[in-house]
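Notes to accompany the following structure.
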Amino acid sequence: MSQLKSDEFPAYYATYIDTVLGDVMHVLNEQITSFPAFLEAIPAGKSEYAYAEGKWTIKEIVGHLIDTERIMAYRALRFARNDTKALPGFEQEDYVLNARFKERNLASLAEEFVLLRKSNMALFNSFNDIELNRKGLASDRLISVRAFLYIVAGHLNHHKNIIKERYLETVL
């Protein structure tokens, strides 16, 4: 799959998209094993850690990644199927606040991630070039189906880097 053009996504997604190097489908597939392995290496007890007041714990970040991937995959499905209705945004803080991720263990979140990503890969692999190039309005911005694949992969990369830099800087 070729690189995205700047008219396929809102500029604020560039932070995520720019982290995706090479073929996005390869990156998405590779994350199925590399991200759970990364989570498994996090020391016991560290998953409850937040580096500052008001910041999410590692478990909450993982839950946020799962919720966001579900939403982006749903948006991709709608636009791939040529559903032209504009899709509203979502408030990520409310999702995390109401999800009870702190009550779960990191292993169960990692397992949920793997199941979700495998399911989404089946969906993403089903899209043909016409479907991948379709666009729609999400959060009042025009975006292509292809862009959602890059956003899913890049969003995970972005938060994995944050976990490394701000949560595990002295551990991993």
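Just so you know, full-length UniProt numbering puts 145 at position 145 of the sequence shown, and the rest follows in order with no gaps.
Beta carbons are placed, not taken as given, at the ideal position from N, Cα and C, and that holds for glycine.
- Within the UniProt domain "DinB-like" (33-163), complete beta strand (DSSP E) segments of at least 3 residues are found at 135-138, 141-144, given in chain order.
- Apart from the 5 residues on each side of it in sequence, I71 sits with its Cβ closer than 7 Å to the Cβ of F90 in its chain, given in chain order.
- Note on geometry: alpha-carbon atoms of A37 and F113 lie some 12 Å from one another.
- Here D7 carries a helix assignment [DSSP, helix/strand/coil].
- Q31 places its beta carbon less than 8 Å from that of L156.
- Residue environment for K118: exposed (fewer than 16 other C-beta atoms within 10 angstroms of its C-beta).
- Residue environment analysis places Y12 among the exposed positions, since fewer than 16 neighbouring C-beta atoms fall within 10 angstroms of its C-beta.
- Contact between R146 and L132 is confirmed by a C-beta separation of about 5 Å, below the 8 Å threshold.
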